[in-house]
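Peer 1: To start, I am sharing the structure in question, which I have written as structure tokens.
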Amino acid sequence: MSNNNNNDNNENSNKDNKESCYLDELKINSFSFLDELTERFVCNKCKKSRKYFCYNCYVTPENIKDNIPQLELPIGLDIIQHKTELKSKSTAIHAKIIAPTSTTIYQYPDEVPEFENPDEILLLFPNETAIPVSDIDITTVKRLVVIDSQWSNTKAMLNHENLKNLKTVKIENYNTVFWRYQNKGDEYLATIEAIYFFYKEFAEKLNNGIYNGQVDNLLYFYNYYYNKIVQNYRSKNLSLESRKKELLFNNSKQKTQHYKNIQKKKKKSKNRNNTLDITDP
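In this text, residue positions in the sequence shown follow my numbering: the first is 821, and each later residue adds one.
Following this line, the structure appears as structure tokens:
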């Protein structure tokens, strides 16, 4: 499906918008029809109620599926998703919805595949041995593997028998526009952002440095959600950045209160241990 410029999507939301970002420049199909959805749909596989797509079965409602862009990626994509990752909040699911024939999702640790030709596979992770996309031999690469988990789980995942010997690749440095609180810096991307930037750089390498938005629709739902959230905050005279700071502040207060509660429990426990129980024989 051809890419339509997203000017229609952002024309109103980006007026006087001081929070402009790389999403504003993407060539993305119109998602105005998503705003017209008034009812949720029942997934024909799991029978659960969903809005835009089923994040468990990777299907979209019949009445809009022809309007949702579909991509064929230049190389296959394998997403290894940690079992504790909430599918309802996972941005990696977007890749499966937009590029279904190119994308496979496996659950860690039980479903991690044993790759038959590891020399033809790259693992997207910025460790010390990772090479930039610009330095890879694109003629030998058949698939990309991406980890979808919290950063605290990545070390264990990378040590999995079927992953630890894969060659690693890294993208250039980018800043995230992810709207949820995270205790990392802006250079820590949402999973779908990392996937997108890899395929963007890969497409540039395939086309001698020229990029015409071939994989921009990977961020179709991500862009839609971002715009909805920014519009919502702006209607309340808030900025997305101020909301992130508010979440950071609230999270810090919660951690402080949690620490105080632990100390109180320890103190109570110590006092009980030091109290003579006169019922003892």
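Note that beta-carbon positions come from the ideal geometry of N, C-alpha and C, so glycine has one too.
1. Give the secondary structure of ARG1000 by DSSP, where H, G and I count as helix, E and B as strand, and everything else as coil.
2. Could you check whether the segment 896-911 touches the segment 946-955, counting it as contact only if at least three pairs of C-beta atoms, one from each stretch, sit closer than 8 Å?
3. Between which residues of its own chain and ILE1012 is the CB-CB distance below 7 Å, once the five residues before and five after are set aside?
4. Measure the Cβ-Cβ separation of LYS990 and PRO952 and say whether it is below 7 Å.
5. Going by DSSP in three states, TYR1031 sits in which element: helix, strand or coil?
6. Taking buried to mean at least 16 other C-beta atoms within 10 Å of its own C-beta, is PRO933 buried or exposed?
7. Using 8 Å as the Cβ pair cut-off and three pairs as the minimum, do the segment 968-976 and the segment 879-898 touch?
8. Taking only runs that begin and end inside the segment 884-957, name each unbroken beta strand (DSSP E) of 3 or more residues, in chain order.
9. Please list, in chain order, all residues of the same chain as PHE873 whose beta carbon is under 6 Å from its beta carbon, the five residues on each side excluded.
10. Can you name the start and end residues of the beta strand (DSSP E) that VAL966 belongs to?
11. Looking at the secondary structure, which residues open and close the beta strand (DSSP E) in which LYS990 lies?
12. How many angstroms separate the CA atom of PRO929 from the CA atom of LEU906?
13. Between the alpha carbons of THR923 and GLY1005, how many angstroms are there, rounded?
14. Please name the residue, chosen from ASN864, ILE956, GLN927, ASN876, that lies closest to ASP939 on a Cα-to-Cα basis.
15. I need the boundaries of the alpha helix (DSSP H) containing SER1055, first residue and last residue.
16. Drop a sphere of 10 angstroms on the beta-carbon of ASN1047, count the other beta-carbons inside from all chains shown, and report buried for 16 or more, exposed for fewer.
17. May I have the straight-line CA-CA distance separating LYS1075 from ASN1057, to the nearest angstrom?
18. Out of curiosity, what's the CA-to-CA distance linking CYS877 and ASN864?
19. Between ASN1017 and TYR994, is the Cβ-Cβ spacing less than 7 Å?
20. Given a cut-off of 7 Å on the beta-carbon distance, is the pair VAL961 and LEU942 in contact?
21. Can you tell me where the alpha helix (DSSP H) holding ILE1015 begins and where it ends?
22. For the alpha helix (DSSP H) that LYS975 lies in, which residues bound it at each end?
23. As a quick exercise: from ASN1003, ASN982, GLN1051, PHE998, pick the residue whose alpha carbon is nearest that of TYR926.
24. Could you give the distance in angstroms between the alpha-carbon of TYR1044 and the alpha-carbon of PHE998?
Peer 2: On the basis of the data shown:
1. For this step, residue 1000 is matched to residue 180 along the sequence shown. DSSP places ARG1000 in coil when its eight states are reduced to three.
2. no
3. Residue 1012 sits at position 192 when you count from the first residue of the sequence shown. Closer than 7 Å at the Cβ level, and outside the excluded window around ILE1012, lie THR911, ALA912, HIS914, ALA915, LEU1038, LEU1039, TYR1042.
4. Translated into positions along the sequence shown, residue 990 becomes position 170. Translated into positions along the sequence shown, residue 952 becomes position 132. Yes.
5. Numbered from 1 along the sequence shown, position 211 holds the residue referred to as residue 1031. Note: TYR1031 maps to coil in three-state DSSP.
6. For this step, residue 933 is matched to residue 113 along the sequence shown. It counts as exposed.
7. no
8. 896-902, 923-928, 941-944
9. Here the question's residue 873 lines up with position 53 in the sequence shown. Within the same chain, PHE873 has close Cβ partners THR880, ILE917.
10. Here residue 966 refers to the residue found at position 146 of the sequence shown. Run containing VAL966: 963-968, per the beta strand (DSSP E) assignment.
11. Translated into the one-based positions of the sequence shown, residue 990 becomes position 170. Looking at the DSSP string, the run of the beta strand (DSSP E) that includes LYS990 is 987-990.
12. Taking the first residue of the sequence shown as 1, we reach residue 929 at position 109. Taking the first residue of the sequence shown as 1, we reach residue 906 at position 86. The straight-line gap from Cα to Cα measures roughly 15 Å.
13. The residue you call residue 923 lines up with position 103 of the sequence shown. The residue you call residue 1005 lines up with position 185 of the sequence shown. In a straight line, the C-alpha of THR923 is about 28 Å away from that of GLY1005.
14. Along the sequence shown, one-based indexing puts residue 939 at 119. Among ASN864, ILE956, GLN927, ASN876, the Cα nearest to that of ASP939 is on ILE956.
15. Counting from 1 along the sequence shown, the entry for residue 1055 is found at position 235. Taken as a continuous stretch (DSSP letters only), the alpha helix (DSSP H) holding SER1055 covers 1040-1055.
16. Residue 1047 sits at position 227 when you count from the first residue of the sequence shown. So ASN1047 counts as buried.
17. Within the sequence shown, numbered from 1, the residue matching residue 1075 stands at position 255. Within the sequence shown, numbered from 1, the residue matching residue 1057 stands at position 237. Confidence at LYS1075 is low in this model, with a pLDDT of 49, below 50, so the placement of that residue should be treated as unreliable; the coordinate-derived value is given next. So the alpha carbons of these two residues sit roughly 28 Å apart.
18. By 1-based counting over the sequence shown, the position of residue 877 is 57. By 1-based counting over the sequence shown, the position of residue 864 is 44. When rounded, the distance between both Cα atoms is 9 Å.
19. For the purposes of this step, residue 1017 is taken as the residue at position 197 of the sequence shown. For the purposes of this step, residue 994 is taken as the residue at position 174 of the sequence shown. Inspection of the sequence shows that residue 1017 is occupied by Phe rather than by Asn. Closer than 7 Å, so yes.
20. Within the sequence shown, the letter at position 141 stands for residue 961. Within the sequence shown, the letter at position 122 stands for residue 942. Cβ atoms of VAL961 and LEU942: closer than 7 Å.
21. Taking the first residue of the sequence shown as 1, we reach residue 1015 at position 195. Residues 1011-1026.
22. Translated into positions along the sequence shown, residue 975 becomes position 155. Taken as a continuous stretch (DSSP letters only), the alpha helix (DSSP H) holding LYS975 covers 974-978.
23. For the purposes of this step, residue 926 is taken as residue 106 along the sequence shown, with counting starting at 1. Of the listed residues, the one whose Cα sits closest to TYR926 is ASN982.
24. What you label residue 1044 is simply residue 224 of the sequence shown in a count that begins at 1. What you label residue 998 is simply residue 178 of the sequence shown in a count that begins at 1. About 12 Å.
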